[in-house]
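Numbering (the UniProt record's numbering), first residue to last: 1 to 493.
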């Protein structure tokens with residue numbers, strides 16, 4: 001396995017594609033050439049063997065020592081012209097070898113002249129052929145090297161019963177043909193295969209370069225676009241061409257850009273809204289502190305009465321608490337991650353949150369109608385979600401009112417008996433810093449329900465607002481889960 005820091009891992013993606021294409025095509029060409037050469041070689045050798053056996057079948061009818069001299073000369077000529085040789089081998093290792101055939105130039109008056117060529121008409125042999133003569137059964141077909149030349153040698157028992165000169169030993173007929181022409185042809189084929197393989201590798205290299213350049217051109221455009229975005233911060237969509245994998249990658253990248261643009265816009269709006277919301281308590285605190293400083297600087301007789309100074313201090317303390325709550329809500333809203341995820345029952349989360357809110361608003365009655373609902377989630381965040389819903393209901397409920405909390409099929413609903421939510425405000429109550437005209441006189445930062453929506457969406461849920469049947473507000477959250485306890489994963493052993 002190649003490591004990331006290996007030789008191939010350090011090369012560019014284009015060069016890796018080229019190398020892989022060259023390797024794949026080159027290996028395919030090499031294997032194809034080798035298989036072709038082996039198939040041709042096998043077919044050629046089978047043809048040589050078939051022809052040798054066919055010649056042997058014809059000439060076994062003419063034992064060499066039993067034919068007339070004129071016929072022997074004709075047989076020798078026929079054998080030599082066909083490229084085959086014949087010998088008669090005896091069981092003791094001796095043999096009858098026809099004399100070589102000489103091709104001579106004719107002299108004057110038809111007399112023999114200069115020898116132009118000599119044809120070997122006797123077949124070479126060794127122990128395996130002698131064993132065939134002695135056993136008088138079976139046959140032998142093999143390659144035998146004699147005097148630097150490879151021969152294909154075929155031996156069969158002499159079925160005519162030709163004996164040795166003393167008429168005591170059986171014999172075998174041996175036929176052979178030289179493999180020099182065949183080997184020369186196979187060498188030529190091997191050379192052609194090598195040349196074709198090299199040409200194939202060259203073409204594969206050119207094809208790999210072309211494929212790498214064409215295949216990576218969209219990737220290079222996408223890379224240049226990402227560099228431009230990183231350099232300029234321009235989050236405009238990239239053009240999508242075609243419907244292949246690169247086009248889908250570009251589409252996914254555009255989706256990421258859109259999410260990033262929304263996140264940036266939300267961040268800008270959060271900063272702008274936070275600055276606006278922080279300006280009011282800070283201005284009020286600065287005014288009160290200036291008044292206290294002026295009152296302290298004047299003579300004792302002209303100072304503000306103790307009651308007014310106490311009221312100013314109480315106002316500053318209240319502004320500090322409001323500012324602390326606002327900053328805490330801003331930090332919570334800007335945090336987009338979750339804590340440890342655990343399998344929990346949402347009923348327990350609602351009960352804990354109800355106990356906490358009841359301590360802050362003991363005059364209210366909390367009617368809990370809870371059914372089991374199990375889900376994997378962040379217990380701290382979900383408790384904050386329920387607490388914000390109950391705090392919102394407690395803020396707008398009358399002194400002895402009832403807050404109804406219902407949990408069924410993953411849907412958590414909180415209904416109060418307050419003035420309710422006006423129809424135009426229903427679509428905006430979960431937005432950041434949104435406060436209806438009726439709620440602007442009440443304490444709060446306008447971030448509590450926005451935090452509810454963010455926590456719900458982080459858990460794959462959704463939120464909604466409506467008017468309760470009794471006239472108050474009805475706020476709902478749906479979270480995915482199951483009414484039965486989730487199975488505990490079994491650790492792999």
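Each residue gets a CB set at the ideal place from its N, CA and C atoms; glycine is no exception.
Given the structure is predicted, the values throughout are model-derived calculations rather than measurements.
What does a CB cutoff of less than 7 Å around residue i pick up in its chain, not counting 5 residues either side in sequence?
i: residue 184; result: none
i: residue 36; result: 193
i: residue 21; result: 204, 207, 208 and 211
i: residue 33; result: 193, 196 and 197
i: residue 144; result: 124, 126, 151 and 153
i: residue 372; result: 345, 347 and 483
Kindly list the residues whose CB is nearer than 6 Å to the CB of residue i, restricted to its own chain and excluding five residues on each side of it in sequence; keep chain order.
i: residue 412; result: 477
i: residue 29; result: 197 and 200
i: residue 424; result: none
i: residue 459; result: 377 and 479
i: residue 72; result: Its pLDDT being 45, under 50, residue 72 is placed unreliably by the model, and the measurement read from it follows with that caveat. Cβ neighbours of residue 72 beyond the five flanking positions: none.
i: residue 475; result: 389, 414 and 465
i: residue 267; result: none
Distance, Cα to Cα, residue i vs residue j?
i: residue 40; j: residue 149; result: 21 Å
i: residue 381; j: residue 364; result: 24 Å
i: residue 94; j: residue 158; result: 15 Å
i: residue 473; j: residue 356; result: 21 Å
i: residue 251; j: residue 231; result: 21 Å
i: residue 247; j: residue 16; result: 22 Å
i: residue 134; j: residue 152; result: 21 Å
i: residue 457; j: residue 414; result: 18 Å
i: residue 549; j: residue 237; result: Missing from the structure shown is residue 549; the chain here goes from 1 to 493 and no further.
i: residue 69; j: residue 90; result: Since pLDDT at residue 69 reaches only 42, below the 50 mark, its modelled position is unreliable, and no value is offered.
i: residue 314; j: residue 383; result: 31 Å
i: residue 187; j: residue 180; result: 10 Å
i: residue 189; j: residue 45; result: 14 Å
i: residue 2; j: residue 23; result: Its pLDDT being 44, under 50, residue 2 is placed unreliably by the model, and the measurement read from it follows with that caveat. Answer to the nearest angstrom: the Cα atoms are 15 Å apart.
i: residue 121; j: residue 147; result: 15 Å
i: residue 430; j: residue 471; result: 19 Å
i: residue 218; j: residue 262; result: 26 Å
i: residue 254; j: residue 463; result: 27 Å
i: residue 283; j: residue 362; result: 33 Å
What does DSSP give as the partner residue(s) for residue i in the beta ladder?
i: residue 478; result: 411 and 462
i: residue 473; result: 467
i: residue 37; result: Paired residue(s): none; residue 37 is not in a bridge.
i: residue 85; result: 176
i: residue 95; result: 89
i: residue 405; result: 368 and 414
Specify, as a first and last residue, the run of the alpha helix (DSSP H) that residue i falls within.
i: residue 155; result: Looking at the DSSP string, residue 155 is not in any alpha helix (DSSP H); the run it does join, the beta strand (DSSP E), is 149-157.
Could you check where the beta strand (DSSP E) with residue i kicks off and where it finishes?
i: residue 123; result: Counting along the chain, residue 123 falls outside any beta strand (DSSP E), and DSSP gives it neither H nor E.
i: residue 420; result: Where residue 420 is concerned, there is no enclosing beta strand (DSSP E), given that its DSSP letter is neither H nor E.
i: residue 376; result: 374-377
i: residue 369; result: 365-370
i: residue 429; result: Residue 429 -> no beta strand (DSSP E), and no H or E assigned at all.
i: residue 142; result: 140-146
i: residue 172; result: 171-178
i: residue 344; result: 342-345
Given residue i, which residues of its chain have a CB within under 8 Å of its CB, disregarding the five upstream and five downstream residues?
i: residue 374; result: 343, 344, 345, 346, 481, 482, 483, 484, 485 and 486
i: residue 264; result: 235
i: residue 154; result: 49, 52, 53, 56, 139, 140, 141, 174, 175 and 176
i: residue 369; result: 404, 405, 406, 407 and 408
i: residue 398; result: 417 and 418
ask   = Which residue spans inside the UniProt domain "HAMP" (213-265) form an unbroken beta strand (DSSP E) run of at least 3?
value = Those beta strand (DSSP E) runs which fall completely within the UniProt domain "HAMP" (213-265) and span 3+ residues do not exist here.
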